[in-house]
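Chains as they are written, first to last, in my numbering: chain R, 1 to 326; chain A, 327 to 652; chain B, 653 to 975; chain Z, 976 to 1298. Even glycine gets a Cβ: it sits at the ideal position worked out from N, Cα and C.
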Amino acid sequence: MPELTYGDALNAALREEMARDERVYLIGEDIGAGVPFGVTKGLREAFGAERVLDAPISEAAIVGSAVGAAMTGMRPVVDMHFADFVTCAMDEVVNQLAKSRYMFGGQCGFPLTLRMPYGIGKSAGGHHSNSVEAWFLNTPGLKLCLPSTPADAKGLLKTAIRDDDPVLVFEQRSLYRVTGPVPEGEHLIPLGRADVKRPGRDVTVIATARMVQVALEAADALAAEGIAIEVVDPRSLVPLDVETLAASVARTHRVVIVEEGPLTGGVGGHLAWVVMEAAFDELDAPLARVAAADVPVPFAPILEAAVSPQVSGIVAAVRRTLGLAA
Amino acid sequence: MPELTYGDALNAALREEMARDERVYLIGEDIGAGVPFGVTKGLREAFGAERVLDAPISEAAIVGSAVGAAMTGMRPVVDMHFADFVTCAMDEVVNQLAKSRYMFGGQCGFPLTLRMPYGIGKSAGGHHSNSVEAWFLNTPGLKLCLPSTPADAKGLLKTAIRDDDPVLVFEQRSLYRVTGPVPEGEHLIPLGRADVKRPGRDVTVIATARMVQVALEAADALAAEGIAIEVVDPRSLVPLDVETLAASVARTHRVVIVEEGPLTGGVGGHLAWVVMEAAFDELDAPLARVAAADVPVPFAPILEAAVSPQVSGIVAAVRRTLGLAA
Amino acid sequence: MDEPRLAADLYRTVLRIRRAEERIRDLYAAGRMPGFIHLSLGQEGVAGGVGAALRPDDFVTSTHRGHGHYLAKGGSLRRLIAELYGKATGCCRGKGGSMHIADVAAGYLGANGVLTAGLPLACGVGLSAKLRRTDQVCVAFFGDGAANRGPFHEAVNLAAVWRLPVVFVCENNGWASTTAFAAATAGGSIVARASGYGIPGLTVDGNDALAVHGATAAAVTRARAGDGPSLLEARTIRWQGHFEGDPQGYRDKTEVAEGRRSDPLVRLADRLRALGIWDERWAKETEEATLAELDEAVAFAEASPDPLPGDALGDLFVRPIGD
Amino acid sequence: MDEPRLAADLYRTVLRIRRAEERIRDLYAAGRMPGFIHLSLGQEGVAGGVGAALRPDDFVTSTHRGHGHYLAKGGSLRRLIAELYGKATGCCRGKGGSMHIADVAAGYLGANGVLTAGLPLACGVGLSAKLRRTDQVCVAFFGDGAANRGPFHEAVNLAAVWRLPVVFVCENNGWASTTAFAAATAGGSIVARASGYGIPGLTVDGNDALAVHGATAAAVTRARAGDGPSLLEARTIRWQGHFEGDPQGYRDKTEVAEGRRSDPLVRLADRLRALGIWDERWAKETEEATLAELDEAVAFAEASPDPLPGDALGDLFVRPIGD
Ligand SMILES: Cc1ncc(C[n+]2csc(CCOP(=O)(O)OP(=O)(O)O)c2C)c(N)n1
Ligand SMILES: Cc1ncc(C[n+]2csc(CCOP(=O)(O)OP(=O)(O)O)c2C)c(N)n1
Ligand SMILES: [Mg+2]
Ligand SMILES: [Mg+2]
C-alpha cells in the first residue's frame, strides 16, 4: 500500500470522486492554486477551472451557492479555507443546508460536502485555530466526520462526497503532512463505524483527528509503566458508533475522552453522556476528560501549548481514572 | 411586590439601566416600535431615537458595530430579534466579541449585552424556533444566562448590562407573557447563582428558562403520586453554580436534566458532565436527559409538540430514574 | 406572446393570488392556520409579471412573503393551503409552513425565514444550470429591507463576476416591518447599487404587471444567453401589516388608501379595456373559476389529515442514521 | 501642515514602516518569529498617508496586513516587535500575534484575522464618538479581496444612512492571496460601489503618500463635520508574497519588478527634491535614527521574557468567573 500524506490522501479522494462523477465540483478561496494546505493542488489542471472554482472572498455566497447547486443536481465540495470562517457562513450551514431537506418535507437531498480545515497548530492565532465541531453536533441535519489518519481521510472524504446528505469533514490542519499507508482506488469508510486504533485492556481513550495521534503517544508512554490503553476513534460523530464505544468500555470499565476544543460545551460532554447512557453500570470510575482550556487559542507557542491538550494531560487523566497519583 | 410579565420585567430592566447610565444604548431591528415582542416598547419615547436605534436589517453590522462601540466607552444592548439570526452575525459574536479582550491581552473590556429571544412556540417554524445556547457554551469569552421567571428576567438583565464582559441573555419567547412578582428598582441577580425553584427530596431536575415552567408542571403531576422532585434552575450557564447543583444531587442522588434544544450536543450533555465530575459517587442511578428530538423544529402544531420536551417526558424520565415503570 | 394574451394571463394570475391571499387572511383571522403569515396583497403584480417571464423549468428562490411567488411559478394552490394548515398533504408535509413553502418540482426552491438567504442559493442554482449546460434561469426575490444584508452583496458580486443566469428582483414596498425604506437604506434606491457591480439595473412600477413582465423577460433573455445577472427594483405597496395581526402604529393609514389606487389587478383590467378586449363575461368566469379552485383547495386542506406525531422524526436525511 | 513639513513627516513614517517590515521579513525567515506574517512592503504609502491625516485620539480598525497601519497610527515599535516574537511585553502580551496586533490606547483597535470584520467595528466606533459627542473619526482599512464580503455592504450602508464619522480605506493591491482582483470583483473597482450608497468615493494612487493624505484628510474633515462616511480606494502593489513563504506561482515576476518603480519611499524623496528641501544629511540621520529605533526594539523583544504558561488562562474576562 502506498504511503501518502493526509493531505495527499484527501487530494486523491477528490481526484477520484471528480473523475467518477461529473456532478462533483469544488468551490472555495484560492483552491485552484492549492492554497492554503495543498489539498486541492493539481485539480484545476486535471479538471478545469469550471470544476475547481476560485471564488471571491464571500463565504456566505460560497456556501449558499453550493446549497443551491446541491438542490438542483450538483454535488459540491466546499473548502472552508479555515473552519473558523464558517462563522461567516453560519446561516447558510445551519438554516439553509442542515434544515432544508427536513423543512421541505423531504423533497430533495442536499449532497454537499463541507471540508473544514481546523484546529490548533503553529501559532496561527485565535482566528485560525478553532475547533467548531460542537456547534454542528447540536445542529440536526448534518453528518460530521473527523479523520485521524491518511487512510481514514481518503475513505471518509470519498464516502462524504457520495453521501446524499450534507457531510462536514473536519481535517485537523497539523495532520496534513502526517504520512501513512493509504489504499489505492475504491477505499470507502462508512460513516458511523468507529475504529480501535490501538487495543488495550485498562482504559478506553476516546479521541478523534489529531487527538488520536496524541493519544497514541500517550499510549506508548503509559505502556512503559505497564498501563494498556485502548484508543478508540469514533471517526464520525454523526452518525456515532455507540456500539463500539460501549463494547470497549465493557472491557476496560474506565474512560478518558480527549478533544482539542474547549472543555465547556465541547463534544466530549456529549460523548461522556453517550457512554454513560450506554454503559453506566460498566463504569468503575468517573469518566475523565482532557480538552483545551476555556479560552481562545493564544499566539505565543508557550501559551498555545499551555491551553492545548497534551500527552502529559492524557497520561495524568488515565492514571487518575485508575486511581493512581496523576 | 407588583406582578409583571416577563416582557415587562425586561422592559423595566432596560428602562432603569438606561436611566442609570447614559452609556447604555439599545440597537436592533424595529425596537423603536417594540417589535417583535414588546420588550423595548416605550423606550424610544423615553430616551430618544439616538439611544434606541432602529438599524437596517444588517445583523453583522448591528453586532459588529456594538462590539466597536463597547470597546470605545459605550455599553450597547443588542436585540437579536430572534436568536436564530445570530447565525447572520456569528463571526461578530464568536471571533470579535468573545475573543477580543483575551487576544488583546486584556487591554479593554467589552461590556455588551446580547438579548436572544429564542425557542419553540406557536408554530413559528424552523427558522424562528431554535435553541442556540450550546454554540456559545463552547465559545470561551461569553457569559450566558437564561431567565425563567419575570423576577429573574429583570435581575439577570440588569446584572448583564452592568457586567463589564459580554453577556448573552436567552429569553424564551413563550415566556414573555408569563406573569410573576418582580421587585421594584434595584434588583440584581448575580451571574453564577442557581435557584432552587421547588425543593424536593427524590430527584433533582435541572432546567432553565421555559423548561423550568414545564418541570414545575411535572413536579405537580409527580407530587400527586408522592414523588417530590427538586427543580433547580442554574439561571446562568457561564458562570455555572456547580455547588448548588452538587448539593442538590447530594440530597437526591438522582438527576434529570431538561433542555429545549436538540439532545445531541446540547447543553444537557455539559451539565451531565459537570454533575458527574462533581458528584459521581452520589449518583444512585444513571443521569437522565429530556431534550428536543434531533430534528429542526417543524411547523404543524402536532409535529412541533412531538419534537419538544413535554411534561410527560419529564415525568417518565423521573420515574425511570427512580426505577419505576415509565 | 402578444400583449392581449399576456395581459389576460397576467390578470388571471394576479386575480388568483389576490383571492388566495384574501382567503388566507380570513382563514388566519378565523384561527384556522397556525404560525405567522405575511401576505402579498397589493404586491401581486410583481409575482405575476415575473412568473410569466419564466419557463416551468426555471427556478425561483423566495421570501417570507412568498405565497404569490409560488402561485405565479405554477405552484399548487391545494398544497399551499394545506401547508398553511399544517396538514400532511401540504407541499412540505406540514413541516414548513407559510415562511417555508417549497416545491422543488415546480422550480420553487423555497420561501425563507431568513431574509436575503435566497440570493446566494440562486447563485448556486444559476451555477448549477451553467455546469449542467442547460439554459435555465433563477430569479431571486427579496425585499427592500433584505437588500441591506451582506449576502445581497456577496451574491450580486458573485453572479456578476461569474456571469450567472440569475435575475435579482427586489420588491420595494417601502417598508421593512416597522422601518421605512429611507431610514434604513442609503443611496435612495436599491437599483442604484447595480452599477457598482457593472450589471444592468432597472426600476419598474411593480403595480404594473406588464411592465414587470417586460423588464423581467429582458433580464431573463440576457441571463439565458449567458450574459449574466440583472437587478430589478419593483416599486410596490404592502396593503396589509407586516404580518397578519400587525397593529401598524408606525404608518399612516392614508398611505395604503393611496396605494390601493394603484391596484395591480385594476390596472390589468384597465389595460385589457384599453386593448379593447375586456369582456365582462370572461371576467366573471375567471372570477368564478378562481373562487372555485380556491374553495376546492380549502376544502382539500380542511379534509386532509394532520401529520402523525411520528412523522416528526422523518425527512431529516436521505440515508437515515442507522440504515 | 505645509507640504514640505508634511512630506518630510511622511517620508519618516514610510521609512519607519519600510525598515520595520524588512527587518520582520528577515527575522521571520531566520525563524525568530512564530505564526504567519503578512507584510505591507510596497504599500507603506497608504498607511503613512492615512495615519498622518488622523489625530492621536482618532481610531483605526485594521487587517491581517496591519503592521504599517499600527506604526502610522503612532504605535510602539517595541511592543509590535515583541508581540511578533510572542513575548510577554508585546502589545497583546503574546496572545495576539501579527494578525491581531492591537493597542487600544493608541486608537489602534486591532488587526484582524477575519477579513472585513473591521468595517462593522468601525461603524460602532463612529457611533460611539457620535453618542459621546466627540468629533473623533474611525478609519477602517480593508483589502480589495475583503471588499467582497457581506459586512462591507452592511457597514458602508449603515455608516451612510446614519452619517457616521467613518472613512473606509480600501488598499487595492490587485491580489487577494492567489486571486487576481478582476477575477473576483465585478464592476472594475471598489470605489464604483460608493455611489450606490450615496457617499463620496475617491480613487487615489496609493503609492503617493501625499495624495493619500490629501484624500484622507478631506474625508476625515467631512466625517468630523458630521457629514458621514467616504470610501477611498488606494491602488497599490504588494511586493511580497501574500504571506511570508508564499511561493507565488500564480503571479508574474515582472509585476513586482514594475511595481517597485513606483516605490512610495522613492516618490516621497523625489517630492522632497522637487520641493527643494531634500537634504542628504537629514536623510542619512533619518535612516540612522530609524535603524537605531529598530535595533533597540528588536533587542527589547529578544531580551523580553516569554509569557508564563499560567498567563494563558488570564485576560478572558474583566470579572473572572469565581471572583
Ligand atoms: C436575517 C433576518 N433578520 C431579520 C428577520 C425578521 N424579519 C422578518 S421580515 C422583516 C422585514 C423584511 O422587510 P423586507 O425585506 O422589505 O420585506 P417585506 O416584509 O417588506 O416583504 C424582518 C426584519 C428575518 N426574518 N431574517
Ligand atoms: C473571512 C475570511 N476569509 C478568508 C480568509 C483567508 N485570507 C486571509 S488574507 C486573504 C486574502 C485577502 O485579500 P485582500 O483583502 O485583498 O488583502 P491583502 O492580503 O491583499 O492585503 C484570505 C483569503 C480570512 N482571513 N478571513
Ligand atoms: Mg419591504
Ligand atoms: Mg489585496
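- Under the 7 Å criterion on CB atoms, Pro772(B) is classed as non-interfacial with respect to chain A.
- An exposed status is given to Val1241(Z), since fewer than 16 other beta-carbon atoms sit within 10 Å of its beta-carbon.
- Proximity of the beta carbon of Ala1022(Z) to ligand 4 is not indicated: no heavy atom of the ligand is located closer than 6 Å.
- Neighbourhood of Asp54(R) in chain Z, by CB distance below 9 Å: Thr1153, Thr1154, Ala1158 and Ala1159, in chain order.
- The beta carbon of Met344(A) sits no closer than 7 Å to any beta carbon of chain Z.
- Against chain R, the CB of Pro443(A) has no partner CB under 7 Å away; the residue lies outside that interface.
- The three-state reading of DSSP puts Asn95(R) in helix, counting H, G and I together.
- Across the stretch 1282 to 1297 of chain Z, no CB contact with chain B closer than 8 Å is found for any residue.
- Relative to the Cα of Arg664(B), the nearest Cα in the group Gly726(B), His894(B), Thr715(B) and Ala926(B) belongs to Gly726(B).
- Asp1119(Z) has its CB nearer than 6 Å to a heavy atom of ligand 2.
- Assignment of Arg887(B) by DSSP, reduced to helix, strand and coil, places it in the strand class.
- The C-alpha of Glu343(A) lies about 14 Å from the C-alpha of Val365(A).
- The beta-carbon distance between Glu885(B) and Cys822(B), rounded to whole angstroms, is 5 Å. This is short enough to meet the 8 Å contact definition.
- DSSP places Gln892(B) in the coil class of the three-state scheme, outside both helix and strand.
- Asp1033(Z) and Gln1111(Z) do touch by the CB rule: their CB atoms are close to 5 Å apart, below 8 Å.
- Under the DSSP definition of a beta bridge, Arg615(A) partners with Ile583(A).
- At least one heavy atom of ligand 3 is found less than 6 Å from the C-beta of Asn825(B).
- Residue contact with chain Z for Gly797(B): absent (no Cβ-Cβ distance below 7 Å to any residue of chain Z).
- Boundaries for Gln636(A): no alpha helix (DSSP H) harbours it, and the DSSP string shows neither H nor E there.
- The continuous alpha helix (DSSP H) containing Ala861(B) extends over residues Ala861 to Arg876.
- Per DSSP, reduced to three states, the secondary structure at Asp152(R) is helical.
- With a 10 Å radius around the Cβ and a threshold of 16 neighbouring Cβ atoms, Phe1143(Z) comes out buried.
- It is roughly 21 Å from the alpha-carbon of Ala1005(Z) to the alpha-carbon of Ile1076(Z).
- Val766(B): not part of any alpha helix (DSSP H); DSSP gives it neither H nor E.
- A residue is called buried once 16 or more other Cβ atoms fall within 10 Å of its Cβ, and Glu243(R), having fewer, is exposed.
- Against chain B, a Cβ distance below 7 Å from Pro1126(Z) picks out Gly802.
- For the options Tyr849(B), Ala867(B), Ile851(B) and Gly850(B), the alpha carbon positioned closest to that of Asp857(B) is the one of Ala867(B).
- Residue state for Gly1297(Z) is assigned as coil, using DSSP reduced to three classes.
- In this structure, DSSP gives Lys367(A) a state outside helix and strand, which the three-state scheme calls coil.
- At a Cβ-Cβ threshold of 7 Å, Lys143(R) and Asp165(R) count as neighbours.
- Remark: C-beta atoms of Pro1282(Z) and Ala1063(Z) approach each other more closely than 7 Å.
- Contacts between Val821(B) and chain A, judged by CB atoms closer than 9 Å, are missing: the closest CB pair is about 17 Å apart.
- Considering only beta carbons, the part of the stretch 257 to 272 of chain R lying closer than 8 Å to chain A consists of Gly261, Pro262, Thr264, Gly265, Gly266, Val267, Gly268, Gly269, His270 and Ala272, in chain order.
- Within 7 Å of the CB of Val295(R), the CB atoms of chain Z belong to Ala1287, Leu1288 and Leu1291, in sequence order along the chain.
- The shortest CA-to-CA distance from Pro296(R) to any of Leu156(R), Ser123(R), His187(R) and Ser100(R) is the one to Ser123(R).
- By the criterion of a C-beta distance shorter than 7 Å, Ala576(A) is surrounded in its chain by Ala605 and Glu608, once the five residues flanking it on both sides are discounted.
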